[in-house]
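**Student:** Quick one: the structure is below, questions incoming.
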Amino acid sequence: MVAIVKSLFPRPKPEEKPLRGSLARLKALHAEAEETARLANLLGRSGAVGAALPVLGIVTIALSVEANPASQIVWLLLVGAVALATLIAYRHAMKRPFEHDALKVYAKDLSAILLFAGFAWGAGAFLALPGGLSTGAVITFALLPGASIAYLLRDREALFLFLAPTTVLTAAACLLKPFAGGWIAAATLVAAAAVLVGAARLYERLTGIQSKPAMLSLP
Numbered sequence: 407m408v409a410i411v412k413s414l415f416p417r418p419k420p421e422e423k424p425l426r427g428s429l430a431r432l433k434a435l436h437a438e439a440e441e442t443a444r445l446a447n448l449l450g451r452s453g454a455v456g457a458a459l460p461v462l463g464i465v466t467i468a469l470s471v472e473a474n475p476a477s478q479i480v481w482l483l484l485v486g487a488v489a490l491a492t493l494i495a496y497r498h499a500m501k502r503p504f505e506h507d508a509l510k511v512y513a514k515d516l517s518a519i520l521l522f523a524g525f526a527w528g529a530g531a532f533l534a535l536p537g538g539l540s541t542g543a544v545i546t547f548a549l550l551p552g553a554s555i556a557y558l559l560r561d562r563e564a565l566f567l568f569l570a571p572t573t574v575l576t577a578a579a580c581l582l583k584p585f586a587g588g589w590i591a592a593a594t595l596v597a598a599a600a601v602l603v604g605a606a607r608l609y610e611r612l613t614g615i616q617s618k619p620a621m622l623s624l625p
């Protein structure tokens, strides 16, 4: 009777458990290597972000000569602080460019920097732009840096982190400052920002890029 029961319910072979453990370990190593490569690519592409925002800020000031120069200087200092923080984080991460933990820390640091950058850039709608701007000029001010970041980093979460506060503050400026268009300009800006995010998503689908987020969603 015991022999019959054993034949019906055989014990697992001793080698099955080590084999399963090895496969699980191999899968975990593959996932970690894939994430490390993705984060290393993000690090390599992010160096230009720190230079792009100050350049765009200077161009904005040059085209906004009618605004208060004191408030423009304050805004440029905010943008410069973003550039400096980006450079410091970048140089620190480049000391260990292929270490998984270091790259994860850098991705989180970059996420915080981009979020602050969005608020800093959006503040320019109050501090740097003159009154009476057209709707097109306001939209260009808000979306051009976001589009540049999307192009440089190839990361949809990075775009959203920057674009969300920028859009909110610029839309608020459309309502509170005498920009041409008022609430129509604010609504158009929000719609254009949504289109930009949608375009980034469409780009991922068309190019087959379905990578996991590399930014704040990291554990």
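Under our numbering, the first residue of the sequence shown is numbered 407, with each subsequent residue one higher. Here a beta-carbon is modelled for each residue, glycine too, at the ideal position from N, C-alpha and C.
Straight-line CA distance for A570 to A518?
**Tutor:** For the purposes of this step, residue 570 is taken as residue 164 along the sequence shown, with counting starting at 1. For the purposes of this step, residue 518 is taken as residue 112 along the sequence shown, with counting starting at 1. About 13 angstroms.
**Student:** Look at the alpha carbon of V385 and the alpha carbon of T573, and state the distance between them as a whole number of angstroms.
**Tutor:** Because the chain in this structure spans residues 407 to 625, residue 385 falls outside the shown range and cannot be described.
**Student:** Can you give, in chain order, each stretch of the alpha helix (DSSP H) that sits fully within the stretch 491 to 578 and has at least 4 residues?
**Tutor:** Counting only runs of 4 or more, we get 506 to 533, 541 to 559.
**Student:** Give the secondary structure of S623 by DSSP, where H, G and I count as helix, E and B as strand, and everything else as coil.
**Tutor:** To locate residue 623, count along the sequence shown from 1; it is residue 217. Low local confidence applies: a pLDDT of 44 at S623 is under 50, so the model's placement there is unreliable, with the coordinate-based value given in what follows. Three-state result, S623: coil.
**Student:** If we ignore side chains and look at the alpha-carbon of each, how far apart do T541 and A605 end up?
**Tutor:** To locate residue 541, count along the sequence shown from 1; it is residue 135. To locate residue 605, count along the sequence shown from 1; it is residue 199. Their Cα atoms are separated by approximately 21 angstroms.
**Student:** Could you tell me the distance, in whole angstroms, from the CA atom of L520 to the CA atom of W481?
**Tutor:** Working through the sequence shown from its first residue, we reach residue 520 at position 114. Working through the sequence shown from its first residue, we reach residue 481 at position 75. C-alpha separation (whole angstroms): 16 angstroms.
**Student:** Hey, how far is the Cα of I545 from the Cα of L533?
**Tutor:** For the purposes of this step, residue 545 is taken as the residue at position 139 of the sequence shown. For the purposes of this step, residue 533 is taken as the residue at position 127 of the sequence shown. Whole-angstrom Cα-Cα distance: 16 angstroms.
**Student:** Between V511, L483, A593, S554, which has its C-alpha nearest G530's C-alpha?
**Tutor:** In the sequence shown, the residue the question calls residue 530 occupies position 124. Residue L483 is the option with its Cα nearest to G530.
**Student:** Can you round the beta-carbon distance between F568 and A523 to whole angstroms, since I take them to be within the 8 angstroms contact cut?
**Tutor:** On the sequence shown, position 162 is the one that residue 568 refers to. On the sequence shown, position 117 is the one that residue 523 refers to. Their Cβ separation, rounded to whole angstroms, is 6 angstroms, which keeps F568 and A523 in contact under 8 angstroms.
**Student:** Below 8 angstroms on the Cβ atoms is my contact criterion, and I expect L558 with V455 to pass it. Report the Cβ-Cβ distance as a whole number of Å.
**Tutor:** Here residue 558 refers to the residue found at position 152 of the sequence shown. Here residue 455 refers to the residue found at position 49 of the sequence shown. Going by Cβ atoms, the distance from L558 to V455 rounds to 6 angstroms, so yes, they are a contact pair.
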